[in-house]
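Enquirer: First residue of the sequence shown? That's 72 in my numbering, and the numbers climb one at a time after it.
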Amino acid sequence: MAEGSVARSRRSTELGLVVLSGVITASAYVLASLGKHSVMPARVVPFMLFVLGLVACGHVMVRLTAKGADPMFLPMAAFLHGLGFVMIARLNDRWAGLQATWSLIGLLAFAATLILIERTGDLRRYQFTSLAAGLALLLLPLIPGLGFTSGGARIWVSIGPINFQPGEFAKILLAIFFAAYLAERRELIVQGHIRVLGVTLPELRHLAPILVAWAVSVVVMVFEKDLGSSLLFFTLFVVMLWVATERISFLVMGGGLFAAGAFVAYQMFSHVRTRVDIWLDPWAQETGRGYQPIQALYGLAHGGLTGTGLGMGSPDLIPAAHNDFIFAALGEEIGLIGVTAILAAYALLVGAGLRTALRAQRDFEKLLAVGLTTITAVQTFIIVGGVLRVV
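1) If you draw a straight line from the alpha carbon of I365 to that of W354, how long is it in whole angstroms?
2) Any idea what DSSP makes of T358, helix, strand or coil?
3) Quick check on L429: buried or exposed, where buried means 16 or more other Cβ atoms within 10 Å of its Cβ?
4) Whose CA, out of F248, G129, K437, E258, lies closest to the CA of S174?
5) Measuring only the C-alpha atoms, how far is L154 from I247?
6) Which stretch, first to last residue, makes up the beta strand (DSSP E) that contains I188?
7) Tell me, to the nearest whole angstrom, how far the beta carbon of W227 is from that of F219; I am working on the premise that it is less than 8 Å.
8) Could you check what DSSP says for A204 in three-state terms: helix, strand or coil?
9) Would you be able to state if there are at least three C-beta pairs under 8 Å between the region 370-389 and the region 401-412?
10) Is it right to say S201 is buried, meaning 16 or more other beta carbons lie within 10 angstroms of its own, or is it exposed?
11) Which one or two residues does DSSP pair with N163 in a beta bridge?
12) Cutting at 7 Å between CB atoms, please list the residues of its own chain near G442, excluding the five before and the five after it.
13) What is the DSSP secondary structure of R460, counted as helix, strand or coil?
14) Buried or exposed: which applies to M111, given that a residue is buried once 16 or more other Cβ atoms fall within 10 Å of its Cβ?
15) With distances taken Cα to Cα, identify the nearest neighbour of A315 among A203, L351, K437.
16) For Q363, does the count of other Cβ atoms within 10 angstroms reach 16, so buried, or fall short, so exposed?
17) Helix, strand or coil, according to DSSP, for V228 in the structure here?
18) By Cβ distance below 8 Å, which residues in the same chain neighbour T191 in space, the five residues on each side in sequence not counted?
19) Between L88 and T136, how many whole angstroms is the CB-CB distance? I'm expecting something under 8 Å.
20) Per DSSP, N234 is paired with what?
21) Please give the ranges of any alpha helix (DSSP H) in the region 344-429, keeping only runs that are unbroken, at least 4 residues long and fully inside the region.
22) Do you know whose CA, among F294, R460, V458, A416, lies nearest A448's CA?
23) Going by beta carbon distance, what residues of the same chain come within less than 6 Å of M119, once the five residues before and after it are set aside?
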């Protein structure tokens, strides 16, 4: 099939799925309002114009600048964004306004990326700039007067009226650095010159920058008390190293390092012990730190197979229902069937990312696709697994 025909087919598929996600989002918003207030929402038209307008603009941008892009990315992102927006609006009108602002910023960033980065390979030239910027962003929350603690983790930064997590941007920048560095030095790392316990390792100088990046990331996250991000950065590092070298020994070593690091962290840091203890038995602190995970489990149980119905549950009993525990809030109101659809959307998103990596012709592009996909997959696993007490 000609390249032009493939591109047109992909964009047609994307358009159909985008329209479907829009219908689902609009229907969910109406149902949530009817369930909560028993009246048709007064702002249904502005809501639909804004949310669906964002997705429509995104589709137009893809048509103009990335005609051959995988047709799953935008529709799945639109579906997940739409349901999340509906739940946040159902919980609190003020949060909905903030979410709208960040959604608009996200679209502008999406458009800027498509316009300014014509070739993904151009990012390869900025590997050490990406490293420096990524580590600087990780350090921002530790600066007195700039960073602040929320939910026990010091990962937020406040600049005027804007609060955000710089670590979210650092993930992307470090993925760019890892991809560029590994693509450039792949052969040197694969060859190896040192044998340890029967495993051939490269010279330390070839791995030093990437090991420093990983170590600093993990240390910063430990001091910021954000264990989920520590796990994410570690997994990102190990997976990209494994894909670049195709050596299973790096996965084994990574697992060993993780186990050793987890044991040391448990022995040395009280907040790590507290998190593990709550994970093992939240009911031991049911009115304290265990309250939130317990309420999340009760919410999921209350939702059952089909849910209570949008707007008809009690997700406000979960303190962070608008944040990391939004999965539990959705599970209560749309049930196991609904959250299975959400997980399926994430699976399709991850599948599209891996498919993009397989199609890539250059090592850097392949590794970057794997890295960004790993971030999405691991972050989803950590958040959902945390709600379900899997991790």
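Built from N, CA and C at the ideal position, the CB exists for glycine as well. What you are looking at is a predicted structure, and each value in this text was computed from that prediction instead of being measured.
Expert: Considering the structure as presented:
1) Position 294 of the sequence shown, counted from the first residue, corresponds to residue 365. Position 283 of the sequence shown, counted from the first residue, corresponds to residue 354. Approximately 7 Å, taken between the alpha carbons.
2) Taking the sequence shown and counting its residues from 1, the one referred to as residue 358 is at position 287. In the structure shown, T358 sits in coil (DSSP, three-state: anything other than H, G, I, E or B).
3) The sequence position of residue 429 within the sequence shown is 358, counting from 1. It counts as exposed.
4) Here residue 174 refers to the residue found at position 103 when the sequence shown is read from its first residue. Here the closest residue by C-alpha is G129.
5) In the sequence shown, residue 154 corresponds to position 83, counting from 1. In the sequence shown, residue 247 corresponds to position 176, counting from 1. Distance between the alpha carbons of L154 and I247 is about 30 Å.
6) Here the question's residue 188 lines up with position 117 in the sequence shown. No beta strand (DSSP E) holds I188; DSSP gives it neither H nor E.
7) For the purposes of this step, residue 227 is identified with residue 156 of the sequence shown, where counting begins at 1. For the purposes of this step, residue 219 is identified with residue 148 of the sequence shown, where counting begins at 1. 5 Å between Cβ atoms; contact.
8) Translated into the one-based positions of the sequence shown, residue 204 becomes position 133. When secondary structure is reduced to three states using DSSP, A204 falls in the helix class.
9) Three or more Cβ pairs closer than 8 Å define a contact, and the region 401-412 meets that threshold against the region 370-389.
10) Position 130 of the sequence shown, counting from 1, holds the residue named residue 201. S201 comes out buried.
11) The sequence position of residue 163 within the sequence shown is 92, counting from 1. Bridge partners of N163: none, in fact.
12) Here residue 442 refers to the residue found at position 371 when the sequence shown is read from its first residue. These residues qualify, in order along the chain: A246, F249, A250, L307, M311.
13) Taking the first residue of the sequence shown as 1, we reach residue 460 at position 389. R460: coil per DSSP, three-state reduction.
14) Reading the sequence shown from its first residue, position 40 is the one you call residue 111. It counts as exposed.
15) The residue given as residue 315 occupies position 244 in the sequence shown. If we check each option's Cα against that of A315, K437 comes out closest.
16) Position 292 of the sequence shown holds residue 363. So Q363 ends up on the buried side.
17) Taking the sequence shown and counting its residues from 1, the one referred to as residue 228 is at position 157. It is a strand residue.
18) Your numbering for residue 191 matches position 120 in the sequence shown. Hits under 8 Å: F435, E436, L439.
19) To locate residue 88, count along the sequence shown from 1; it is residue 17. To locate residue 136, count along the sequence shown from 1; it is residue 65. About 19 Å; that fails the 8 Å criterion.
20) For this step, residue 234 is matched to residue 163 along the sequence shown. Note: N234 sits in a beta bridge opposite S229.
21) For the region 344-429, the full-length alpha helix (DSSP H) segments reaching 4 residues or more read 362-374 along the chain.
22) Taking the sequence shown and counting its residues from 1, one reaches residue 448 at position 377. Closest option to A448, Cα to Cα, is A416.
23) Indexing the sequence shown from 1 puts residue 119 at position 48. Here the set comprises A97.
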